[in-house]
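**Student:**
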Amino acid sequence: MDENAVVDELYGGSRDDFLPTRTERAKQARAAGDRELAGRIAALRKPTVGAWLVNQIVRRYPEQLVEVEKLAERMRAAHQHGDGERIRAAGRDRQVLLRELDSLVRQVADADGLRLGADAAGQVTTTFQAALVDPAALRTVLGGTLAVAVEQDADLIGLLPDVDAPAPMWTVRPDRPVARTPAPKPAAPAETQAPVE
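4 is the number that the working numbering gives to position 3 of the sequence shown; each next residue is one higher, with no gaps.
(1) If you draw a straight line from the alpha carbon of Lys28 to that of Met2, how long is it in whole angstroms?
(2) Rounding to the nearest angstrom, what Cα-Cα distance links Arg31 and Tyr62 in this structure?
(3) What number of angstroms, rounded off, separates the C-alpha of Ala150 from the C-alpha of Asp35?
(4) May I have the straight-line CA-CA distance separating Ala110 from Gly51, to the nearest angstrom?
(5) Report, in whole angstroms, the separation of the C-beta atoms of Val244 and Leu105, which I expect to be a contact under 8 Å.
(6) Relative to the C-alpha of Glu37, which residue among Arg95, Asp17, Glu4 and Leu11 is closest?
(7) Take Gly123 and list the residues in its own chain whose beta-carbon comes closer than 8 Å to its own, dropping the five residues that flank it on each side.
(8) In the DSSP assignment, the alpha helix (DSSP H) including Thr127 goes from what residue to what residue?
(9) Report the three-state DSSP secondary structure of Leu222 (helix, strand or coil).
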């Protein structure tokens, strides 16, 4: 069994089919005597709605990803040269491209009967924003096998004008799965405070 083909099948296919297909492929690998491969397949994470939609855009609209790569390069070059006009032009093109990607994402969601909530839509946008400024994030996105969304590095985003920088929630590491940073717990209220009436 070809592990890459299994990964491609799982992350390129229907999100609803992910778990039964993963179970079946792991079972087949065990039956073939490859328990190690079966374990790796069984450990593959079902993508979130946002991650699944990014994977589908990567796979169904490769020409759009070429545009993402080209714009990412232009943004990096403009910043390296400190060319304000080129940076502003790239920022405008970024807004146009993100709107185009958002439209495609909504088409994919509609075609697949997915309800696209605000959280999932935001994760998709944030993932493409990250790909535009962070080469590691771009490589991760282009793989088409995201299990979770990718958050941009706030430090990188801050170097470019006209680019939003929400608080980071995801850490991008090209050598390992993307992991969510837990939110801090709220502080307990002081016992000495009088109740509010």
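Glycine is no exception: its CB is placed at the ideal position from the N, C-alpha and C atoms.
**Tutor:** Walking through what the data contain:
(1) 11 Å
(2) 35 Å
(3) 31 Å
(4) 10 Å
(5) Residue 244 falls outside the range modelled here, since the chain spans only 2 to 198, and no answer is possible.
(6) Ranking the options by Cα distance to Glu37, first place goes to Glu4.
(7) Gly51
(8) Ala119 to Val134
(9) Shown here, the chain extends from 2 to 198; a query on residue 222 therefore has no answer.
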